[in-house]
Amino acid sequence: MKRYASVNPNQCVACGECAYVCPRKAVSIQKGCYAKVDDTLCVGCGLCERCCPAGCITLIDRDGCSTKGGQDTGRGHSSELCQKGIG
Ligand code: SF4
Ligand code: SF4
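Take a look at the structure:
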């Protein structure tokens, strides 16, 4: 299933953790305010979603359906990569 990550800019705290963990360098922090995903680079691996402390990243099927429950599941910082991350 092809997916890409989408950020809710209203919830993003611009910590940069998603950009740090992204293996595709698909995330940039816009004006230091919020993260933005380049969906042409994103491969939908979900690392950023799992690391986001604000729970504001959603994986979306390329046919338009969200695959996330919609709230912070407490899974943040569950991966080894995340534990080395920012903040
Ligand atoms: S889903 Fe993976 S490839 Fe896409 S932005 Fe997140 S970390 Fe990067
Ligand atoms: S990890 Fe979440 S809160 Fe931090 S910059 Fe990325 S989207 Fe924003």
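Numbering (my numbering), first residue to last: 179 to 265.
Every residue, glycine too, gets a C-beta built ideally from N, C-alpha and C.
Identify whether Gly-185 lies in helix, strand or coil by the three-state DSSP scheme.
-> Reading off the sequence shown, one finds Val at residue 185, where the question assumed Gly. Residue state, collapsed to three classes: strand.
Contact check, Ala-183 vs Val-215, beta carbons under 9 Å | yes
Are the beta-carbon atoms belonging to Tyr-212 and Pro-231 less than 9 Å from one another?
-> no
Under three-state DSSP, which class holds Leu-237?
-> strand
Can the beta-carbon of Arg-202 be found less than 9 Å from the beta-carbon of Leu-219?
-> yes
Where the alpha helix (DSSP H) through Ala-197 begins and ends | 195–199
Under 8 Å Cβ to Cβ from Gln-189, same chain only, skipping five residues before and after it: list those, please.
-> Ala-232, Gly-233, Cys-234
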